[in-house]
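In our numbering, the protein residues as written are 26 to 337.
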């Protein structure tokens with residue numbers, strides 16, 4: 026169990042750092058392109074599953090008195106996680122919007138003028154996304170109960186609408202894949218085909234999380250939650266390769282060494298902050314959950330400064 030805890034923590038922590046950085050990298054190199062904004066929003070939304078897992082493994086200490094205003098800082102989770110339900114961190118809804126954002130991305134890569142049904146399809150997917158968020162956050166219809174070992178997917182006990190939303194998720198991801206296949210078929214260059222193929226592979230890999238989750242919640246197999254985290258991490262890496270190697274999802278071409286230098290710089294930043302937090306945990310009894318929030322804000326602040334230097 027200790028090995029699984031360590032593995033889950035490492036995979037989610039590294040995946041969180043890579044995903045945050047890649048989202049900022051894409052945005053800062055193509056800030057005027059809607060598809061770049063949507064891709065970055067997709068990546069940051071995917072971070073939700075990594076953050077959920079890390080907070081569930083090392084939950085923050087429960088304060089004696091929780092001010093009403095502090096709930097505004099944690100909109101992605103039920104307010105009970107701040108008082109008595111540490112396992113509730115695993116059911117945060119931050120990852121749900123990524124489905125709508127990514128579907129929108131794949132609609133934008135279609136090489137055709139939008140018709141009425143294109144707009145209706147995008148709106149319909151966003152409405153499904155909003156419905157899933159409401160069902161997760163405010164009702165027991167997505168998850169009836171969150172209990173058990175947070176290292177396994179069956180911690181989330183499916184509610185009345187869980188399998189319905191899983192079916193809709195599968196349909197939406199299939200639509201994303203078909204959009205990319207259509208774009209590949211009508212691509213004008215070999216470079217564009219390579220870009221789109223990588224994005225199609227990323228969609229397929231991420232889509233595997235749906236059947237894995239259904240299998241875990243509908244059978245007696247205790248599948249570790251790190252499986253879903255690893256699948257999404259691989260999907261993010263594939264998107265990163267498509268950006269670095271084929272300049273996908275951004276304006277113009279980028280130098281491969283620019284991606285390497287940026288990644289190396291952020292790795293140094295992450296390691297530096299990790300060492301500082303580790304010392305703080307050992308010497309000053311800072312909660313280990315501080316790793317998560319500090320690394321998020323560290324990457325965000327450094328990327329915002331980089332964006333300001335680039336465009337101002």
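Yeah, the Cβ is synthetic: ideal placement off N, Cα and C, and Gly gets one too.
Just so we're clear, the structure is a prediction, and the values are computed from it rather than from any experiment.
8 Å Cβ shell around residue i - same chain, five flanking residues per side excluded
| i | result |
| --- | --- |
| residue 325 | 45, 49 |
| residue 59 | 133 |
| residue 305 | 311, 315 |
| residue 338 | Residue coverage of the chain in this structure runs from 26 to 337, which leaves residue 338 outside it and unanswerable. |
Sequence-distant residues of the same chain with beta carbon closer than 7 Å to residue i, five excluded per side
| i | result |
| --- | --- |
| residue 126 | 63, 66, 67, 70 |
| residue 247 | 177, 179 |
| residue 221 | 134, 205, 208, 209, 212 |
| residue 202 | 225, 228, 229 |
| residue 252 | 237 |
| residue 130 | 60, 63, 64, 67 |
| residue 319 | 298, 302 |
Best match in the options for proximity to residue i [C-alpha to C-alpha]
| i | options | result |
| --- | --- | --- |
| residue 284 | 47, 32, 41, 27 | 47 |
| residue 264 | 154, 229, 239 | 229 |
| residue 74 | 272, 124, 147, 296 | 124 |
| residue 118 | 130, 101, 106, 128 | 101 |
| residue 258 | 31, 35, 29, 214 | 35 |
| residue 106 | 77, 42, 253 | 77 |
| residue 199 | 42, 83, 128 | 128 |
| residue 289 | 43, 27, 33 | 43 |
| residue 82 | 30, 72, 145, 162 | 30 |
| residue 115 | 249, 196, 142, 295 | 249 |
| residue 217 | 152, 282, 272, 141 | 272 |
| residue 55 | 153, 155, 274 | 274 |
| residue 182 | 156, 291, 328, 241 | 241 |
| residue 292 | 189, 244, 39, 193 | 39 |
In DSSP terms, what residue i is bridged to
| i | result |
| --- | --- |
| residue 249 | 177 |
Where residue i falls: helix, strand or coil (DSSP)
| i | result |
| --- | --- |
| residue 101 | coil |
| residue 59 | helix |
| residue 150 | helix |
| residue 119 | coil |
| residue 166 | coil |
| residue 69 | helix |
| residue 158 | helix |
| residue 27 | helix |
| residue 37 | helix |
| residue 260 | helix |
| residue 32 | helix |
| residue 90 | coil |
| residue 127 | helix |
| residue 83 | coil |
| residue 274 | coil |
| residue 142 | helix |
Own chain residues within Cβ distance below 6 Å of residue i, not counting five before or after
| i | result |
| --- | --- |
| residue 166 | 160, 184, 185, 186 |
| residue 340 | Only positions 26 to 337 of the chain appear in this structure, which leaves residue 340 out of reach. |
| residue 191 | 235, 239 |
| residue 90 | none |
| residue 170 | 182 |
Which full runs of the beta strand (DSSP E) of 3+ residues lie inside the stretch 287 to 320, going along the chain?
-> none
Only counting runs of 3 or more residues, tell me where the beta strand (DSSP E) segments fall wholly within the stretch 174 to 243, in order along the chain.
-> 181 to 183
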